Amino acid sequence: MKTLIFIISSALIVYLLFALLLYFYQRNLIYFPSAVNNTDLPLESFFNQGERIDVVVLNPGRHSAIIYFGGNAESVASSSPSLAEALLGHTIYAVNYRGYATSTGQPSEKALTSDALHIYDILEGRHLSIAVIGRSLGSGVATYLAAERKVQKMVLITPFDSVLNVARDRFYFFPIALLLKDKYDSAGKVKQIAAKTLVILAERDQVIAARYSQRLIEAFAKGQVQVKVIGNSGHNDLSNKAEYYRLIESFL
């Protein structure tokens, strides 16, 4: 009996230890700040809540604007040349999240969505229209912004319905709903979004399973969303396909 109690107690301690590690270090599993320096690109700094958010500004002076929110490990500096060339008719604001590149602070859902609103509110006075693009993690920021502000069009690339559902499936042994700080409930925001939306999926996405994207797509009103699948592509390399930028340019 003592041996059984010892085994159960030890297992419980190990379980609780892993739960605590998951709770305190969860953001290290969500955010992978890019250290790529973007100071050789045209930058504009936006100041919010005491932090500096450095945004790469491409094709300045256009009437229409695009705010670009990248993936959790993406360097928007690296993405910028292709974005600028493909979307010449728009001024593009590629956001370096807090803690990414030269932006200050630490990333979190509350911080990133607050920064998105702040940037939009400043840009609204400069441009006749604003569209948003969100890739992977950035799709959660983009859907939040589109639900809270007037966005002309929205492009979501390899999106998910919620980080909670993704994490719940991967860490099913733990009460993720209680532990998770940043849930990014995109599907829950869809009913507040009026913008026409394009969803771009990778045929062989090994990071965001198709079911997570499909749940988000099904949350939209009928006729509001277009869905395009890029063949022979994965989560990280679909932007290497010529079709990727053609789809975005045509839609916007």
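Straight run, no breaks: the sequence shown in this note's numbering ends on number 315.
Note that CB positions come from ideal geometry on N, CA and C, so glycine has one too.
Note that the structure is predicted; figures quoted are calculated from it, not measured.
TODO: Would you decide whether E137 is buried or exposed? Buried here means 16 or more other CB atoms lie within 10 Å of its CB.
DONE: Counted from its first residue, the sequence shown places residue 137 at position 74. Looking at its Cβ environment, which holds 16 or more other Cβ atoms inside 10 Å, E137 is buried.
Task: T206: first and last residue of the uninterrupted alpha helix (DSSP H) it sits in - done: By one-based count along the sequence shown, residue 206 stands at place 143. T206 -> alpha helix (DSSP H) spans 200–211.
Task: Every unbroken beta strand (DSSP E) within the region 163–251, with a cutoff of 3 residues, ordered by chain - done: 192–198, 216–220
Open item on the list: Let me confirm a value: M64 is counted as buried when at least 16 other C-beta atoms fall within 10 Å, else exposed. Which label applies?
Closed with: Stepping through the sequence shown from its first residue, residue 64 is reached at position 1. By the neighbour-count rule (16 or more Cβ atoms within 10 Å), M64 is not buried but exposed.
Task: For S135, the residue or residues it bridges with in DSSP - done: For the purposes of this step, residue 135 is taken as residue 72 along the sequence shown, with counting starting at 1. The identity of residue 135 in the sequence shown is Asn, whereas the question assumes Ser. Beta-bridge pairing links N135 to no other residue.
TODO: Give me the Cα-Cα distance between Y156 and S143, rounded to the nearest whole angstrom.
DONE: For the purposes of this step, residue 156 is taken as residue 93 along the sequence shown, with counting starting at 1. For the purposes of this step, residue 143 is taken as residue 80 along the sequence shown, with counting starting at 1. Between Y156 and S143, the C-alpha separation is close to 9 Å.
TODO: Could you say if the region 187–196 and the region 125–137 meet the contact criterion of at least three C-beta pairs nearer than 8 Å?
DONE: yes
- [ ] Please name the residue in T165, N159, P238 whose C-alpha comes closest to that of V204.
- [x] As a working mapping, residue 204 is identified with position 141 in the sequence shown. When only C-alpha atoms are compared, the closest one is N159.
TODO: Could you work out which residue in M217, L243, H181, V218 is closest to V229 when comparing CA atoms only?
DONE: Along the sequence shown, one-based indexing puts residue 229 at 166. Among M217, L243, H181, V218, the Cα nearest to that of V229 is on L243.
TODO: With DSSP as the reference, label L121 as helix, strand or coil.
DONE: Locating residue 121 in the sequence shown gives position 58, counting from the first residue. DSSP places L121 in strand when its eight states are reduced to three.
Task: Whole-number beta carbon distance between S313 and K304, since they are thought to touch under 8 Å - done: Here residue 304 refers to the residue found at position 241 when the sequence shown is read from its first residue. Here residue 313 refers to the residue found at position 250 when the sequence shown is read from its first residue. Contact flag wrong, Cβ pair sits at about 14 Å.
Task: Proximity below 7 Å, CB of K252 to CB of A284 - done: Taking the sequence shown and counting its residues from 1, one reaches residue 252 at position 189. Taking the sequence shown and counting its residues from 1, one reaches residue 284 at position 221. Cβ distance not < 7 Å, so K252 and A284 don't count as in contact.
Open item on the list: Which residue wins for smallest C-alpha separation from V218, given the options L92, F69, I256?
Closed with: Looking up residue 218 in the sequence shown gives position 155. Comparing Cα positions, the closest option is I256.
- [ ] Would you kindly work out how many angstroms separate the C-alpha atoms of E281 and A174, rounded to a whole number?
- [x] Taking the sequence shown and counting its residues from 1, the one referred to as residue 281 is at position 218. Taking the sequence shown and counting its residues from 1, the one referred to as residue 174 is at position 111. The alpha-carbon atoms of E281 and A174 are separated by roughly 28 Å.
Open item on the list: Could you check whether G134 and S199 sit closer than 7 Å to each other, using their CB atoms as the reference points?
Closed with: As a working mapping, residue 199 is identified with position 136 in the sequence shown. As a working mapping, residue 134 is identified with position 71 in the sequence shown. It is a contact, given that the beta carbons lie within the stated cut-off.
Open item on the list: So, at 8 Å on beta carbons, what are the nonlocal neighbours of V118 in its own chain, with the 5 sequence-adjacent residues on each side left out?
Closed with: For the purposes of this step, residue 118 is taken as residue 55 along the sequence shown, with counting starting at 1. Same-chain partners within the cutoff: L106, E107, S108, F109, Y156, A157, V158, N159, I182.
Task: K285 (DSSP reduced to helix, strand or coil) - done: In the sequence shown, counting from the first residue as 1, residue 285 sits at position 222. Three-state DSSP puts K285 in coil, outside helix and strand.
Task: Beta-carbon separation (whole angstroms), L279 vs L150, contact threshold 8 Å - done: In the sequence shown, counting from the first residue as 1, residue 279 sits at position 216. In the sequence shown, counting from the first residue as 1, residue 150 sits at position 87. Not quite, the Cβ-Cβ distance comes to about 24 Å (not below 8 Å), so this is no contact.
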